[in-house]
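S.K.: Under my numbering, think of the first position of the sequence shown as 11, with each following residue one higher. One structure, pasted below without further comment.
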Amino acid sequence: MRKEKYTVLIVDDQLESMGHIETTLRKLPHLEVQTESDLMRARSTVDQGVVDILVLDLHMPETDGFTFIGLLEHEPAVIMCSGHEISGTEAFDHGVADCIKKMASRKRVIEAVEKAIKRLYDREKEKESAKTVITLRGVQDNSPEEINWKEIQYVSIKDGVLTVFDMEAQKSDYNCTLLGFLAKVPSQEFVQTHRCYAVRVDTICYREGKKVILTKWCEVPIGDKYFDEVERVIDRLKYE
């Protein structure tokens, strides 16, 4: 999700050479622009985690831009600037979002900013994805597979094999116990309905007798031992 405002820090020992870029950025309503000519102060500001986008001069007396970003503890999206062409390979190796000339057109500067914002969005997306990924071992060759638990509808266990049903009711088999699976996923996101079944809470539509009906009209049984807990979960869903 895009932020309403992104903080941009322009760093150059000769800030006047960044005048064109600064003027362009200050006209964009979704950016808050700061400038700094002192590398030590710039590094301190960035490492406070308050900078989203770093617009950095490649060639400075104390160090080059690539070396500077390697010293940072916080990692903003970086737009590298120079009066000359910048090696794309080197920029890629250092994770730079984009490289532009200091006198690039307004359109090109805005394009670089959008690339930087996309880089920030992609990072956040990766972080969120990492939180929802678990690893299970496939039955066929016992090799580890990464699975997003948010794409699971329910799971069942039979003869020591865990079967995972996705949102389209497609199934995959893994070497895992039901308790082992439940230990890998957030406890508030799944509920065990039976000694052989567990469902993702968000997929529950309603209870019908001793079974729960899920979003894709799948039916999963409720065991007597688990009935009260399933009822509590369904009641909670009514108020969310």
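C-beta: ideal position from N, C-alpha, C; glycine also. Here the structure is a predicted model, which means the values were calculated and not measured.
#1: Buried or exposed for F102, please, with buried defined as at least 16 other CB atoms from any protein chain shown within 10 angstroms of its CB.
#2: Can the beta-carbon of M177 be found closer than 7 Å to that of E199?
#3: Return the residue from the list R116, P86 and E121 that minimises the CA-CA distance to G105.
#4: Check whether the Cβ atoms of I232 and V243 sit closer than 7 Å, and answer yes or no.
#5: In terms of residue numbering, what span does the alpha helix (DSSP H) encompassing T33 cover?
#6: Out of P71, D62, L38 and K37, which has the shortest C-alpha to C-alpha gap to L49?
#7: Looking at the structure shown, is D176 part of a helix, part of a strand, or coil, going by DSSP?
#8: Hey, E26 and V43 are a contact pair by Cβ (cut 8 Å); roughly how many whole angstroms apart?
#9: Within the continuous beta strand (DSSP E) that includes V21, where are the two ends?
#10: If you follow the alpha helix (DSSP H) that L192 is part of, which residue opens it and which one closes it?
#11: Identify whether M70 lies in helix, strand or coil by the three-state DSSP scheme.
#12: For S139, report the span of its alpha helix (DSSP H) as first-last.
#13: For H204, count neighbouring Cβ atoms within 10 angstroms of its own Cβ and tell me buried if that reaches 16, exposed if not.
M.R.: Per the coordinate set shown:
#1: Exposed, by the Cβ-count rule.
#2: No.
#3: Closest by alpha carbon: P86.
#4: Contact check for I232 against V243 fails: the beta carbons are separated by 7 Å or more.
#5: Here the alpha helix (DSSP H) through T33 covers G29 to R36.
#6: When each option's Cα is compared against that of L49, the closest is P71.
#7: Strand at D176.
#8: At roughly 15 Å, the Cβ-Cβ gap does not stay under 8 Å, so E26 and V43 are not in contact.
#9: Residues Y16 to V21.
#10: Segment L188 to K194, the alpha helix (DSSP H) holding L192.
#11: In this structure, M70 counts as coil in the three-state DSSP scheme.
#12: Taken as a continuous stretch (DSSP letters only), the alpha helix (DSSP H) holding S139 covers R116 to K141.
#13: With 16 or more Cβ atoms within 10 Å of its Cβ, H204 is classed as buried.
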